[in-house]
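Protein chains in written order, with the working numbering: chain C, 123 to 237; chain R, 2 to 115. All C-beta atoms, glycine included, are put in the ideal place defined by N, C-alpha and C. Note sheet for the following structure.
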């Protein structure tokens, strides 16, 4: 019953370093999402994907890149980390919106600190 | 940017009390309204996805109502228990461009005092 798995769970980076966050889902979901959660803010969408090989920008995409080479994986990259990217990152997935009443399923989050 | 508001921001209730909180969202281009329960150090967990005006959904002691014409939803918890302590998030899903996206409110943090 893995669901949505995020790695790593914690990471500390120095300004300017790069890293990739991995999200994997085993539910055969079409759609995948990356959010960030900051104090006093709601979950904000960074990028999302509606299928393998496709990605799109969300509300706060600047400074991030994503790739969906395989249906089950959605990668979030920080090319040059900045302190403003210190946050908790959540990945989510959902079935294609061919049926109604489809919630998103979330991973446990990655806590990222940029010094 | 869509405006999804939740109130109150936080709430303390005694064990056994019933409580409710509000989510307001745009009344146009509505597709669905989601409710999630988010415990500290865990991932958000889906409670309800509501699509029809006037709909009411129930899961145990938790229920929710939906008014799409005026753009609000209420979440009710009957006989609150300490394990209900969590942040409750609502999220608006529109029907237009970007309809794959959810716009989340900031949440209502509920603390149930034993």
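Beta-carbon proximity check, residue i vs residue j, cutoff 8 Å
i: residue 207 (chain C); j: residue 234 (chain C); result: yes
i: residue 114 (chain R); j: residue 13 (chain R); result: yes
i: residue 89 (chain R); j: residue 111 (chain R); result: yes
i: residue 33 (chain R); j: residue 52 (chain R); result: yes
i: residue 225 (chain C); j: residue 47 (chain R); result: yes
i: residue 168 (chain C); j: residue 204 (chain C); result: no
Contact set for residue i: own chain, Cβ-Cβ below 8 Å, skip 5 residues either direction
i: residue 199 (chain C); result: 140, 141, 142, 143, 186, 187, 188, 189
i: residue 166 (chain C); result: 157, 158, 159, 160, 180, 181, 182
Integer-rounded CB distance, given that residue j should sit under 8 Å from residue i
i: residue 212 (chain C); j: residue 228 (chain C); result: 5 Å
i: residue 7 (chain R); j: residue 106 (chain R); result: 4 Å
i: residue 27 (chain R); j: residue 4 (chain R); result: 7 Å
i: residue 92 (chain R); j: residue 103 (chain R); result: 4 Å
Residue nearest to residue i in terms of C-alpha spacing, selected from the options
i: residue 124 (chain C); options: C:135, C:215, C:224; result: C:215
i: residue 31 (chain R); options: R:95, R:101, R:108, R:104; result: R:95
i: residue 154 (chain C); options: C:204, C:126, C:201, C:161; result: C:126
i: residue 71 (chain R); options: R:29, R:46, R:4; result: R:29
Which of helix, strand or coil DSSP assigns to residue i
i: residue 44 (chain R); result: coil
i: residue 215 (chain C); result: strand
i: residue 206 (chain C); result: helix
i: residue 84 (chain R); result: helix
i: residue 112 (chain R); result: strand
Contacts around residue i, its chain only, beta-carbon distance under 7 Å, and the 5 residues preceding and following it disregarded
i: residue 82 (chain R); result: 16, 113
i: residue 69 (chain R); result: 28, 31, 54
Contact set for residue i: own chain, Cβ-Cβ below 6 Å, skip 5 residues either direction
i: residue 56 (chain R); result: 67
i: residue 148 (chain C); result: 124
i: residue 50 (chain R); result: 33, 35
Check: residue i C-beta below 7 Å from any heavy atom of the ligand FMN
i: residue 212 (chain C); result: Looking for the ligand FMN in the displayed structure turns up nothing, as the structure carries no ligands at all.
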